[in-house]
Structures are given as C-alpha cells and as structure tokens.
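Taking it in order: structure first as structure tokens, then the write-up.
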Amino acid sequence: MFGDYSLGDLGAIFAMQGFAGLILFSVYVLMALGLAIIFGQMGVINMAHGEFMILGAYMTYLCSTFFQSYLPALFPGYFFLAMVLAFCASGALGMLVELALIRHLYKRPLDTLLATWGLSLILQQAYRSIFGAREVGVELPTWLIGSVQVTESIEIPINGLFVMAVTTLITVGVALLIYRSRFGQQVRAVMANRPMAGAVGIDTEKVDRYTFGLGCGIAGVAGSAFTMIGSTGPTSGQLYIVDTFLIVVFGGAASLLGTIASAFSISQTQSTLEFFLSGSMAKVLTLLAVVGILMLRPQGLFTLKVRR
Amino acid sequence: MNAAILPGSVIGANPNAPEYLLAVDALTVSFDGFKAVNDVSFYVDPNEIRVIIGPNGAGKTTVLDLICGRTRASAGSIKYKGQELTKLTESAIVQAGVGRKFQTPSIYDDLTVFENLEISFPRGRSVFGALTFKRDAEVRDRIHEIAETIFLKDQLLERAEFLSHGQKQWLEIGMLLIQDPELLMLDEPVAGMSVGERIKTAELLNQIIVGRSVLVIEHDMKFVEDIAHRVTVLHQGKVLSEGSMERVKNDPKVIEVYLGH
Amino acid sequence: MKNPVQTLTKSVTVNDNPFMKPIEWLSLALLALVLLVVLPSLLDAFRLNLVGKYLTYAFVALGLVICWGYAGILSLGQGCFFGLGGYCMAMYLKLEASSVANTKIQSTPGIPDFMDWNQITELPWFWKPFQSLPLTLILVVAVPVLFAFAISAAMFKRRVGGTYFAIITQAIAAILTILIVGQQGYTGGINGITDLRTLHGWDIRTDSAHTILYFVNGGLLLGCILIAQFVKKSKLGRILVAMRDKEDRVRFSGYSVAGFKVFAFCLAAAFAAIGGAMFTLQVGFMSPSFVGIVPSIEMVIYAAVGGRMSLFGAVWGTLLVNWAKTSFSESFPDLWLFGLGALFIAVVLAFPNGLAGIWREHIEPRLTRRVKGLRAPPPAIVPHGAPAE
Amino acid sequence: MADGDHDLNRGLRSPLRRKLLMGLAAAPALSLLPRNAFAAGPATSAVSTTGLAVTDTEVTCGILHSITGTMAISETGAQQAEKLAIAQINEAGGILGRKIKIIQEDGASDWPTFAEKAKKLLVNDKCAAVMGCWTSASRKAVLPVFEQYNGLLYYPTFYEGLEQSKNVFYTGQEATQQILAGLDWVHKEKGGDTFFFVGSDYIWPRTSNKIARKHVENVLKGKVVGEEYFPLGHTQFNSVINKIKLTKPKVIFTDVVGGSNVAFYKQLKASGIDLSKQVLLTISVTEDEIDGIGGDNIAGAYSCMKYFQSIENDNNKKFVADFKKMWGEKTVIGDVTQAAYLGPYLWKMACEKAGSFDVDKVVAASPDLEFKGAPEGYVRIDPNHHLWSKTRVGKAKPDGQFEIVYTSPELIKPDPFPKGYQ
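Chains as they are written, first to last, in the UniProt record's numbering: chain H, 1 to 308; chain S, 1 to 261; chain A, 1 to 389; chain C, 1 to 422.
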C-alpha cells in the first residue's frame with residue numbers, strides 16, 4: 001500500500017501515526033485511571049464509571065454556556081475551571097454514592113456490579129431529563145481547536161496534546177498521592193488489611209469514601225477532557241465502559257503501573273491495526289487479543305506472586 | 001539434611017523406595033525472589049505421626065501447601081508412595097490419598113453437617129459421577145459413623161455455620177476422615193480451642209491415626225509432645241533439626257531460635 | 001438416650017433428600033397452572049405471544065440461577081448463548097423462507113436475501129448444516145454449548161473467577177456483537193435475520209401457531225426447571241454451593257473444580273440457547289441486539305429479582321420485570337429507567353434473595369406449617385435449625 | 001395507555017395548542033350529535049369495508065417511534081412532524097370528513113418491541129395507517145407484521161433501498177437518489193476524482209458506499225482510495241484521519257452515525273484538516289446531528305439530502321414556522337423530520353383519491369399521486385412506493401444551518417433495486 005508515496009510522506013505519516021497512538025494511549029489512561037483506583041484498589045466494579053465521566057462532560061458544557069453568556073472575556077480559559085468543577089462534581093457524587101450504596105457491598109463485589117449498573121441507568125435517565133435526549137455540543141475556546149504544524153507535513157492536534165498533558169499531570173498526581181502521601185499510605189493500608197488498618201486508628205470508612213470519590217473525580221476530569229474529542233450525550237458513557245474495564249483487568253487490577261502498561265499496549269495495537277486493517281476488524285482483533293491473553297494469563301500483565 | 005539420623009531408615013537407601021510414604025526432597029519455592037521454603041527434605045514413614053514446628057514465617061504452612069498442590073514448587077520433588085506430586089493437580093493429589101486440613105476451619109457454611117460429610121465421601125467425584133450419585137445406605141452409614149467419631153452426630157442436620165469453632169474444626173477433620181486418606185495433613189488442629197475441646201481433639205486424633213500417616217503443624221508444645229512420633233523443626237524456610245521430641249528439645253540450635261525466646 | 005436420638009436422626013435423614021419437597025411440588029404446580037392454564041385462558045393471542053417472548057428470557061434466568069446463584073459464576077455474556085441459539089434457529093428458518101421460488105428476483109435465487117445484496121453467490125459452508133431440521137435442532141444447543149465450553153474451559157482451568165470472568169464474558173459479548181454486525185453478508189448484519197415464515201412447512205406467523213409455540217415453550221421451560229431441579233438436588237448441586245463458598249476445600253476433597261464450573265456454565269448456556277431458539281420461533285426474527293452487553297445484564301437482573309438461588313423465582317422474576325417494563329414504559333417512559341435502575345439497587349441492597357427470599361421468609365413458613373399440619377407428623381421430628389428455614 | 005392525546009398536549013406550547021385541545025376534546029362529544037358538524041364525509045360503510053377503526057367522525061392512525069432508549073434522540077423529530085401534520089389535517093377537516101385519532105406506541109429502541117407494537121396497532125387498534133420506524137432494523141422487524149395483517153406503513157428515513165413492499169410507503173430517499181446526484185455535483189463542481197469512504201459498520205453505510213463506489217468507478221471514472229468502517233459507537237478516529245492524510249483524497253465521503261459522528265468531526269477538525277479546503281461530502285449529517293457535533297466543527301462540509309431547513313419556498317416557510325410554534329423555537333428540522341411530515345398528507349391524498357380507507361384501495365390509489373404542498377417542494381409517489389424527489393447539497397454553516405449550494409434540476413426517480421450498483 002505504500003508504493004505510491006514518497007519517503008517524506010511516509011515519514012510524516014508514521015510520525016503522526018505515532019502521535020495518534022500516543023493520544024489514544026493518553027485517552028485510555030485517563031479513562032482507566034479512575035477505574036483502576038476504584039476497581040483495582042477497592043475491588044468495586046463500577047459499571048457507572050462512564051456516567052461519572054459524562055457528568056464531567058456535562059459540567060464542561062454548563063461552564064462553556066455560562067462563560068459564553070456571562071463572561072465572554074474569560075471564555076478562552078474556562079476549560080481549566082471546567083475541569084476542576086468536573087472533578088468536584090463527579091467526586092462529590094461519587095462520595096455520595098459510596099455513602100448510600102457502595103459501602104454496604106464491599107463484601108459482595110459482584111453485587112456492586114449490579115447496583116452500579118442500576119445507578120448508571122438512573123444517571124442516564126437523569127441526564128436525559130435535565131439536558132435532553134440529544135447530544136449537546138460543547139463550545140471549545142479557539143486555542144484548543146486546530147493543530148500544531150511541526151513540519152510542512154506533520155501536524156499534531158492541539159486537543160490531543162492537551163489530553164496528553166492532562167493525562168500526564170493526573171497520572172503523576174495520582175501516583176504521588178497513592179505512593180507518597182499520608183492519604184495514599186492509608187489507602188494502601190486499608191486495601192491490604194482492613195481490620196488491621198482500623199485497629200491502628202485509620203478511619204477506614206472515610207478512606208473508602210475519599211478513595212471512591214477520588215476515582216470518580218478523575219473520571220469526571222476524563223469526561224471533561226473528552227468533550228474535545230467525543231460526544232456528550234446521556235448514553236455516551238456506555239461507549240467507554242468495555243474498553244475501560246478491559247484495560248484495567250489486562251493491566252493486572254492492583255497496580256497503577258500495570259494499568260498504564262496495559263493502556264499502552266492496547267492503544268498501540270489498536271492504532272497500528274487500525275492503520276493497516278479496517279477499523280471494525282482492528283477493534284475486533286484487539287479485543288480478541290486482549291481476551292485471549294487474559295484467558296491464558298488471567299492475572300493480567302503485572303501482578304505480584306504471593307502466597308495465597 | 002542427614003538421612004542417617006532417621007530411626008528405622010536405611011542409610012543410603014533410595015529415597016524413592018516404597019518404605020517411605022512421603023519423601024520430600026530438596027523442596028524449594030520462591031515468591032518474587034524470597035525463598036519461603038529452601039531446600040527442605042524430610043521423609044515420613046507409614047503410620048508415623050510427624051509434627052512440624054517452627055516460629056512464625058518458618059514456612060510450615062507453605063510446605064503443606066506444596067505437598068497438597070496448592071502452591072507449585074520452584075524446585076525439588078515430593079514423592080508420595082513413589083508417585084511424583086509436584087506435577088499433579090490438587091484433586092488428583094487428594095484422590096491419590098493425601099488429605100489436608102486448613103489452619104482456619106474450612107467447611108461449607110451453607111450446607112448441613114451431613115452434606116459437608118457427604119461431599120467429602122470419596123465417590124462420584126467426576127461431573128457425571130456427582131450427577132448420578134446416590135445417597136445409599138453405605139453413604140449414610142459411613143456418615144453416621146464419622147459423625148459419631150467427631151462428636152457431631154446430634155448436629156447432622158444443622159447448618160455448618162452455626163457450629164462452634166471447635167465443632168467446625170472437628171467437622172473438617174471428619175471431612176478428611178471420610179476420604180480415608182493414607183496421609184493426613186493437619187494445620188494447627190487445636191488452635192483457638194478451649195481446654196476441654198483440646199483434650200477431646202487429642203483423643204480424636206489418637207483414634208483416627210490408626211492405619212495412616214499424619215503430618216501436623218502445631219504450636220502447642222504440650223500437644224506436640226502428646227502425639228508426635230517425630231518432630232521436624234523449620235526455621236527461615238530450612239530444616240533446622242529433626243528427630244524425637246526429646247532430641248529436638250535439647251538441640252542447641254533449636255533452643256536458640258525457637259524454644260529460647 | 002443414645003438409641004432414640006440416633007433413630008430419630010436417621011428417620012429424618014432417610015427422607016431428607018427427596019427430588020422435590022412438598023412445597024416445591026406446590027410451586028411447580030402453581031407455575032404450571034399459571035403458565036399453561038390461567039394465562040392462556042385470560043390473554044388473547046397477542047398478549048399470550050408477548051408472555052411467550054418473556055418466557056424465553058426465563059430460560060436464561062434459569063441458567064443463571066444454576067451458574068450464578070449456585071456455582072457463583074456471574075456471566076455477563078448470556079446474551080451470546082441466547083443469540084447463538086436464536087441465530088441457529090433463524091438460519092434454518094431463513095433458508096426455508098429463501099426457497100428458489102420465493103427468491104427468484106435475486107441474482108442468485110435460493111440464498112437469503114441479505115447474502116444476495118452482499119454479492120455472495122453461494123451459500124457459505126457454515127450455513128449448509130442448517131438446511132436440515134434435525135441437524136438444526138442439535139446445533140441450536142450444541143453450538144452455544146461448545147462455545148461456552150471453549151470460553152470456560154480455558155478460563156476455569158486457569159482459575160479465572162468472579163469479577164474477572166464477568167468482565168471477560170462481557171467483552172466477549174461485545175466482540176460477538178461487532179462481528180455479527182460487521183459480517184452482514186453472512187449474518188444479516190444489524191438488521192439480523194428477518195422475515196422468517198415457516199418451520200418445516202408450518203406457518204409460524206399465525207395466531208394458532210403462536211399459541212402452539214407458546215405451549216411448547218411453556219412445556220420446555222417446565223422441563224428445563226425439572227432438569228435444573230435434578231442438578232440442584234444431586235450431589236453436583238451441593239458441590240456447586242460448596243465451591244462457591246470454599247473453592248479450595250472442594251479441590252482438597254478431591255474434586256476437579258474447573259470441571260464442575262464448566263458444567264454449570266455450559267448448562268446455563270444450553271438453557272439460554274433453547275430460550276433463544278424459542279424466541280426466534282415466536283418473535284419471527286433474530287438480531288444482534290439480543291447478543292450484546294445490555295440484554296445480557298438485563299437477563300442477570302431477571303434472575304436477581306426472582307432470587308438468584310430460586311429456580312421458580314427466575315421465572316417469576318422474568319415475568320414481573322418484563323410485565324413492569326411493558327406497562328410502565330408505555331405509560332411513563334421517563335420514569336421507567338429510573339424504576340429499572342432503582343430495582344437493580346433495591347434488589348442488591350434490600351432483597352438480595354429477590355422474590356424467592358420474600359416468599360421464603362414470609363409466605364413459605366406459613367404454607368409449610370399448613371401442609372405439615374395436614375399431614376400431621378409429630379412436630380418433634382424437626383431438629384433445631386432445620387435446613388433452609 | 002399512552003395514546004396520542006396526552007403526548008400531543010404536553011408538547012403544545014402555543015395558541016394552536018388551545019385550539020387543538022378544544023378540537024380534540026370536542027371529538028368524542030361530536031359522536032353524540034347528529035352528523036352535521038363533520039358531516040362532509042361519506043358514510044362509514046362506504047369508506048371502510050375491512051374492519052379498520054373508522055367511525056363516522058374518526059379514523060385511527062398509529063404512530064410508532066422510539067420514545068425511550070438510544071434511538072429516542074433520532075426519532076423525536078419524526079414523531080413531532082407527524083403529529084404536526086395530523087393536527088393540521090384535523091384542523092382542515094380531517095380525511096373524508098373524519099378526524100384523525102392518534103394512537104402512539106413506544107418502540108423503545110428495541111426491534112421486537114417494534115414488531116410487538118406494530119401488531120398491537122394493527123390487530124388491537126385496527127389503525128388505518130401507521131406512521132413510524134426510523135432504523136432499517138426496526139422496519140425489517142415490523143415488515144412481516146404489516147404484510148401479514150395487510151397494514152399500511154409510512155416510513156420516513158433515507159435508507160439503503162433493496163426493499164419494496166406493497167404495505168409500505170417510503171417517504172425518505174433510497175440510497176441512489178440521495179447519493180448519485182451529490183457525487184455528480186462534487187465531481188463536476190469540485191473536481192472530485194479520488195474518494196475516501198468512512199462509515200459506521202452496518203448495513204446502510206455499507207450499501208450506500210457500495211453504490212457510491214460503483215458510481216465513482218464506472219460513471220465518474222474516479223478512484224476510491226480508501227474505505228473504512230468502524231463499529232457503532234466508536235470514538236477514536238485519529239488513525240483513519242492519518243490514512244486520509246496519507247492518501248490525500250479529493251473528497252472524503254462519510255456515513256458515520258450516532259456518537260461516532262460527533263467524535264469523527266471533532267477529531268477531523270483538530271487534526272488540521274480544513275473543511276474549507278478539503279471537500280467532505282456526507283450523507284449522514286442533518287441539522288439534528290449538527291446540534292451535537294457543534295457547528296464550528298463541521299462548518300464547510302457538504303451534506304447531501306433532499307431537504308434542508310433553509311430551503312426557500314412558501315411551503316417550507318410555513319412548515320418551519322408551524323413546527324417551531326408547536327414544538328418550540330429552539331428545535332431544528334432535519335431531512336427525516338420533513339419526510340415524516342409528508343406521511344400523513346400522502347395518506348390523506350390517497351384516501352381521498354380512493355374514497356376509502358381500505359388499505360388495498362389506498363395502495364392502489366397512491367402511485368403517481370402528486371403532493372405540491374411539501375416543504376421540500378413538489379413530490380410524486382412512484383409505483384414502487386418510493387418518492388420522486390429532488391436532491392440537494394448543502395454546505396454546513398457554523399450556526400448549524402445549511403447553505404444550499406445545489407439542487408438537482410429535476411425530480412429523481414427512486415430506484416430501490418438499482419441495476420449495475422449491486
């Protein structure tokens with residue numbers, strides 16, 4: 001298929017394709033990070049993860065309309081405030097959900113799946129009632145639209161770079177929080193041994209609530225960022241859920257590094273296959289490969305071998 | 001490990017020789033580089049009661065896990081009646097005649113005592129065997145017999161979760177008995193028991209060891225002294241000492257790491 | 001003292017494992033009465049066909065009771081097996097409807113219309129077996145069961161369980177949907193296989209055919225309940241429960257756990273497949289929208305509402321949820337999703353045993369007392385803490 | 001039972017609402033009066049001989065769309081238009097002197113439900129006609145029902161063709177009508193000779209692209225340099241956009257639908273492809289879709305439809321005004337919405353020509369009927385049950401409307417089984 005193209009063309013395309021892979025990687029990490037915390041650290045199967053993302057997207061939509069109507073001068077910068085608000089809204093909702101629902105189900109992980117599926121239906125209908133059944137169009141500030149011209153033929157989408165930056169920031173932030181902070185220490189302690197953590201004076205319920213809230217908040221930021229590249233509608237969250245779970249599971253649920261590695265390998269596979277095959281087959285093959293590998297290596301890519 | 005110190009064994013004999021019921025040879029397992037069990041060898045005779053002692057983290061439970069196939073060995077061999085166990089699945093090991101009791105009572109809470117014992121009855125272990133399994137007189141009689149032995153004959157129809165801790169331990173022992181294993185492995189059978197239960201358990205063990213070998217992990221020295229034919233002391237994944245309780249008790253190495261503190 | 005106690009215990013244990021307890025016979029009779037007598041006499045042909053459609057989901061729920069309730073394996077991919085069973089049946093019906101006489105306007109007469117549109121000029125090899133009815137009837141069950149076997153044997157051997165299994169089955173449902181939609185020349189794509197007319201020359205679209213199919217469906221469902229009851233009452237049923245609680249212990253009682261799980265999963269797949277085939281017959285088409293994630297999870301909720309441990313509950317749960325869906329979604333389309341979501345949450349939080357739990361805690365004790373009172377055995381015979389009460 | 005009255009009332013936001021309410025409330029009372037209020041019509045025994053739900057004052061019409069589920073977004077406009085048309089017909093005296101009574105059912109985005117409800121509308125409610133369905137899958141599901149019970153369906157969506165049923169009238173365009181004129185235009189005006197096809201992976205895009213490819217290769221003597229399909233709901237298009245950049249087609253031809261649509265155009269815009277320079281022709285974006293995509297993201301793209309809200313003629317001005325009056329100022333009107341609006345009128349005309357509501361007679365009277373009052377302009381029913389219509393190319397503007405840059409000079413003949421395109 002490359003016979004007709006000049007070397008320069010091919011080089012440019014490969015460079016851009018590399019970036020496409022990196023952007024997809026960032027998107028996947030952003031999608032999966034919140035879930036990796038909730039599912040990986042807490043063992044809760046949050047089927048409403050997509051809806052928490054969409055809540056973030058709707059917050060961004062509200063922000064954009066608000067700034068357009070009342071503060072048009074500040075419109076170029078609204079996106080940052082929108083992401084903060086998205087984090088707060090999804091995080092707060094997450095904590096509420098933890099309080100009302102999840103905390104009763106820690107011993108029954110499969111039941112969290114059913115309950116959160118119910119929650120996702122309720123949230124979808126709520127979005128539909130509040131924002132209407134149609135997708136909403138989120139106005140972006142002009143500086144986020146378009147692409148950077150690197151060379152004559154290499155162009156990199158700005159929103160892609162922005163997503164990459166957001167992903168990097170959040171990933172580093174989460175890693176620091178989990179592995180370096182006092183809170184992270186408590187989270188890990190609670191996950192490792194709940195009764196013992198309680199016995200040494202950690203308020204395990206509070207840690208659970210904040211952890212769940214953190215995961216949902218990150219989902220909200222992801223949703224906010226995705227308004228740049230995807231649709232915002234009541235059922236848009238459903239589009240992400242299978243991919244997200246596969247990434248977390250494939251990475252070996254308990255490790256953030258695993259999630260990142262898994263997002264990397266899946267995104268690279270998919271983006272390469274998409275380039276050489278047709279889109280639908282690329283998707284099927286990627287999913288099949290992931291499922292196949294999981295069947296052979298159920299513990300995922302990265303896990304510690306321990307005495308059971 | 002020096003085979004010469006084992007009474008009743010022949011120096012230089014092939015460890016695979018059928019005189020040993022169980023021959024553990026150079027057994028090693030490592031978890032991410034940490035060697036939980038390191039080059040452990042010991043040999044159990046038919047009808048012998050062997051107790052494994054050692055401080056926490058010595059690798060005692062891991063050795064049992066390795067024998068019954070729960071954990072896979074990194075190196076070494078485990079031969080049971082001349083058959084290599086390290087390659088077999090757990091269920092095949094059980095079917096070969098090795099029974100295992102866990103540290104915390106591991107019974108089926110949702111089933112009755114009767115059903116707990118019935119499941120352990122060694123017949124109809126394949127899928128279709130289980131489908132066509134009939135609760136006939138042989139099964140009933142055997143279950144009643146075992147229930148009597150483990151002091152639970154009045155609780156047969158009770159759901160297992162309502163039993164006391166001691167009763168649960170007995171039930172699990174009963175579940176092993178009904179399998180009629182030649183090698184019985186017990187992980188801390190009297191832990192958490194009241195004094196009365198402990199005496200009853202010792203009595204129970206003395207009853208059931210007839211005609212089989214038993215491998216026991218236990219911390220309770222009084223209890224160990226009561227039942228052990230021989231004792232193996234593990235420390236940091238290695239065999240520290242082995243022999244009669246008397247001998248082990250006076251081994252300076254043992255005193256230093258274990259009995260001393 | 002010793003003897004009387006022993007005989008007492010024995011006299012209980014001798015009868016402690018009948019195929020069905022009186023209360024269960026009663027439940028079965030009640031279900032049969034409602035399905036085969038009450039509903040057909042109350043409902044017109046149209047509504048009856050609707051109930052028939054719901055009952056095909058009950059097959060899936062029934063399978064889930066065995067696979068999820070008893071064996072603890074939650075599958076989010078039951079739609080795959082329902083769909084495969086349904087597609088197998090639909091392929092036969094479609095071939096029959098695509099006779100050369102019916103399709104003479106096509107460029108290749110005698111093949112299904114959607115193949116003709118996709119420039120396929122010859123019947124693909126995997127369609128050929130479906131020219132024969134007996135072969136089709138075998139494949140309706142065999143294909144999904146083999147598929148279930150292939151998925152589950154690999155995973156259970158490697159001890160994939162619980163949440164992982166659920167997520168992987170979900171992914172498989174997603175893959176299968178994409179494949180069916182994408183390979184439209186061979187599968188009919190997103191429209192599915194439609195316009196099915198006759199089964200071995202018998203027009204399945206008439207009201208009388210629908211009524212007959214309804215009774216066949218009801219009969220098959222009761223048959224599957226009896227099979228499930230047999231499994232549940234056999235030692236295998238108790239092993240499944242034991243496995244769900246203490247998988248290791250079962251392994252150390254000398255059982256190959258993977259084999260039992262594979263069996264439970266395949267049985268559930270077989271039930272789902274029968275349901276799918278009956279669905280195709282009664283509704284008249286099959287499409288990928290019954291294969292995907294959403295229907296698969298909805299089928300889990302049917303079982304959960306009925307009570308994940310109750311065979312009869314599965315049927316009642318399916319009927320209840322679908323009835324509610326049809327009537328509420330007509331009158332309050334907005335509220336319906338709120339209601340369905342709340343139902344999921346309520347069942348999980350407040351009624352983990354579903355309808356069957358409510359029945360068992362509130363209605364059955366009274367009934368049992370009645371029944372026992374009539375037969376008047378000495379009450380002393382019930383030992384304290386008798387099972388299942 | 002959710003019958004039409006309830007839903008209709010809820011949506012009405014105008015003086016029209018009050019009038020309609022009064023009219024509807026009066027309808028039952030009318031039957032008590034001697035037949036003079038609406039007595040223009042002929043006797044019931046004359047207009048209905050097959051047991052349809054026709055009384056001296058009323059005739060029942062079904063509306064069958066998804067109110068819930070994923071398709072509700074798309075189907076809203078169609079059912080609104082159908083209700084508007086029916087309200088207008090009623091106001092003007094109904095059909096054969098009878099008011100149209102609506103029975104609305106929810107297909108719930110679920111195909112068996114469509115079949116179920118279709119059967120209910122035909123068997124229980126004896127509807128004389130049904131306006132409904134949106135996706136091909138739902139139409140395929142109800143088709144056997146309509147054929148079995150000899151019902152009458154008016155189907156509004158542009159679709160892939162390859163179907164022709166005695167019991168269905170297709171008021172949208174079939175694929176050749178929609179596509180060929182657009183391709184010809186882009187070839188002639190924009191010098192389009194190389195094409196890249198991107199579609200969602202299901203029957204409509206695949207069939208449409210097949211027709212488009214044949215036309216490009218055989219008629220336009222051009223080249224298709226790429227053809228890609230993505231699963232419904234796919235949201236990542238960067239790889240295919242790179243492929244487009246590599247192959248440098250003159251024209252990107254798209255039929256991506258749903259949430260994927262939004263993602264595709266946002267990512268296309270972000271990748272630096274400037275739609276004012278790169279020609280993009282789509283057959284899946286109407287004013288409805290632009291709402292979600294965002295006008296900025298798709299401005300400059302060309303869409304190929306038979307109707308745009310911005311068509312300048314008196315019929316359309318009145319239609320747009322009435323529609324907004326009934327359903328709110330912010331609503332937009334897309335191609336399917338307008339096609340749905342035609343259904344009740346075509347039915348009315350056929351009934352009046354036949355002098356009967358009997359399905360066979362209505363069907364027999366339909367071919368060659370002309371409807372001059374259509375917002376899109378004049379249309380005619382072909383004997384193959386599809387409509388003769390013009391095809392237009394519109395250029396998307398940032399405000400979400402289209403600037404019509406081309407209108408086919410003549411009505412285009414519908415050809416659901418195009419020879420040479422299969």
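Even glycine gets a Cβ: it sits at the ideal position worked out from N, Cα and C.
Predicted, not measured: the structure shown is a model, and the values here were computed from it.
Rounded C-beta distance between residue i and residue j? I'm assuming under 8 Å.
i: C:Ala72; j: H:Ala133; result: 5 Å
i: C:Thr282; j: C:Ser310; result: Not a contact, Cβ separation roughly 17 Å.
i: H:Ala263; j: H:Phe79; result: Rounded, the Cβ-Cβ distance is 23 Å, inconsistent with contact.
i: A:Met155; j: A:Phe147; result: Between A:Phe147 and A:Met155 the Cβ distance is about 13 Å, and since that is not below 8 Å, they are no contact.
i: H:Thr232; j: H:Ile247; result: Not really, about 22 Å apart at Cβ, beyond 8 Å.
Are the beta-carbon atoms of residue i and residue j separated by less than 8 Å?
i: C:Gly233; j: C:Gly259; result: yes
i: H:Arg209; j: H:Leu99; result: yes
i: S:Val47; j: S:Gly211; result: For the record, residue 47 of chain S in the displayed sequence is Asn; it is not Val. Result yes, Cβ atoms of S:Asn47 and S:Gly211 sit closer than 8 Å.
i: C:Leu96; j: C:Glu376; result: no
i: S:Leu176; j: S:Lys81; result: no
i: S:Gly76; j: S:Asp45; result: no
i: H:Leu161; j: A:Gly162; result: no
i: S:Val63; j: S:Ile53; result: no
i: A:Ile172; j: H:Val242; result: no
i: C:Asn384; j: C:Pro416; result: yes
i: H:Ala199; j: H:Leu256; result: no
i: C:Lys348; j: C:Ile102; result: no
So residue i contacts chain C; which residues on that side make the cut at Cβ distance below 9 Å?
i: A:Phe285; result: Trp111, Pro112, Ala115, Lys140, Ala141 and Pro144
Identify the contact partners of residue i in chain H, using a Cβ-Cβ distance below 7 Å as the criterion.
i: A:Ala61; result: By Cβ distance, chain H contributes nothing, its closest Cβ being about 14 Å from A:Ala61, past 7 Å.
How should residue i be labelled, buried or exposed, when 16 other C-beta atoms within 10 angstroms of its C-beta is the threshold for buried?
i: H:Pro234; result: buried
i: S:His165; result: exposed
i: C:Leu134; result: Correcting the residue identity first, residue 134 of chain C is Trp in this sequence and not Leu. C:Trp134 should be labelled buried.
i: H:Lys206; result: exposed
i: C:Gly400; result: buried
i: S:Asn116; result: buried
i: A:Gln131; result: exposed
With DSSP collapsed to three states, give me the class of residue i.
i: S:Gly54; result: coil
i: H:Gly220; result: helix
i: S:Val254; result: helix
i: A:Trp316; result: helix
i: C:Ala72; result: helix
i: H:Arg194; result: helix
i: H:Arg180; result: helix
i: C:Pro205; result: helix
Can you list the residues of chain A that residue i reaches, using a CB-CB cut of under 7 Å?
i: S:Glu90; result: Arg251 and Phe252
i: C:Arg206; result: Gln184
i: S:Leu234; result: Ordered by position in chain A, no residue passes the 7 Å Cβ test against S:Leu234, which lies about 22 Å from the chain.
i: S:Gln167; result: None at all; the shortest Cβ gap to chain A is about 13 Å.
i: H:Ser153; result: The premise fails here: H:Ser153 is roughly 33 Å from chain A at the closest Cβ pair, so nothing lies under 7 Å.
Can you name the residues of chain C whose CB is closer than 7 Å to the CB of residue i?
i: A:Ile190; result: Ala137, Tyr202 and Ile203
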